[in-house]
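>
In the numbering used here, the protein residues as written are 6 to 264.
(1) So, helix, strand or coil for residue 152, using DSSP?
(2) By how many angstroms is the C-alpha of residue 155 removed from the C-alpha of residue 100?
(3) Tell whether a beta-carbon distance below 8 Å holds between residue 123 and residue 149.
(4) Just to check my reading of the structure: residue 82 and residue 95 have Cβ atoms closer than 8 Å, yes? What is that Cβ distance to the nearest angstrom?
(5) Given a threshold of 16 other Cβ atoms within 10 Å of its Cβ, counted over all protein chains shown, does residue 208 qualify as buried or as exposed?
(6) Where does residue 184 sit, in a helix, a strand or coil, going by DSSP?
(7) Measure the C-alpha to C-alpha separation of residue 30 and residue 7 and round it to an integer number of angstroms.
(8) Confirm, please, whether the CB-CB distance from residue 26 to residue 10 is below 8 Å.
(9) Measure the C-alpha to C-alpha separation of residue 241 and residue 106 and round it to an integer number of angstroms.
(10) Distance check for residue 53 and residue 163, CA to CA, integer angstroms please.
(11) Please report the residue range of the beta strand (DSSP E) in which residue 90 lies.
(12) In chain order, what residues of the same chain lie with their CB nearer than 7 Å to the CB of residue 63, ignoring the 5 residues before and after it?
(13) Please classify residue 36: does DSSP put it in a helix, a strand, or coil?
(14) From residue 243 to residue 140, what distance separates their C-alpha atoms?
(15) Any Cβ of chain C within less than 8 Å of the Cβ of residue 89?
(16) Between which two residues does the beta strand (DSSP E) carrying residue 219 extend?
Next up, the structure:
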């Protein structure tokens with residue numbers, strides 16, 4: 006398998022192990038090891054050899070905190086998907102431009118100011134997942150280069166923070182938990198009120214091109230400046246947007262970043 010470029014590991018039901026990475030000589034471009042049970046020393050050793058890796062999806066365990074990732078590991082990394090531990094382990098010292106922060110229940114909610122220079126390099130950020138995420142206030146001051154933002158279950162207060170992201174062009178709002186009582190800014194029953202809120206966001210975010218919203222597990226709807234109603238799309242709320250998909254070859258947004 007010397008020519009292997011894309012690898013996804015998952016634990017098996019029989020022994021909980023995803024196999025060994027020892028002795029592997031291939032140079033990956035994308036690696037998804039969420040849910041795998043590779044020993045920390047073995048994982049660190051393997052990643053330190055991956056000079057061409059551009060896309061990595063990993064959950065960094067608390068038990069691995071004493072295992073250091075060398076700054077020289079994965080020098081070509083552009084896209085990182087993972088929890089707070091993965092961000093702490095891999096973001097520092099790299100020019101990562103796309104990040105999917107997928108919360109874990111044990112994640113810290115302490116300040117990320119020490120990673121501010123790295124967050125300010127981001128152009129695409131997906132923020133949230135199945136578990137509760139930190140509030141947007143934690144990072145909004147460090148997103149000066151961000152162009153694409155996807156937020157899971159935003160609050161009305163968080164939407165008011167969006168003008169602090171000066172280069173925001175695309176906003177994706179995934180409001181997936183129907184059991185939540187959403188504030189009046191999202192999922193309004195009256196179209197005219199919704200239009201007022203959406204156009205207010207466009208007014209405050211000067212370079213914003215469109216807003217895609219999925220509410221209560223429906224397909225995304227798209228708002229654009231000046232319209233009093235959204236356009237229906239065929240994009241499912243479950244769809245992984247290509248900007249953060251590490252399961253296959255380089256995706257469109259990553260190709261655009263390299264142009």
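Think of the CB as a built atom: it goes at the ideal place given N, C-alpha and C, for glycine as much as any other residue.
Just so you know, these numbers come straight off a predicted model, no measurement behind them.
According to the structure data:
(1) coil
(2) 20 Å
(3) no
(4) 7 Å
(5) exposed
(6) With a pLDDT of 39 at residue 184, under the threshold of 50, the predicted position of this residue should be treated as unreliable, and no value is reported.
(7) 6 Å
(8) no
(9) 20 Å
(10) 38 Å
(11) That residue, residue 90, is in no beta strand (DSSP E); its alpha helix (DSSP H) goes 89-95.
(12) 38, 39, 87, 91
(13) strand
(14) 22 Å
(15) In the structure shown, chain C does not exist; there is a single protein chain.
(16) 215-220
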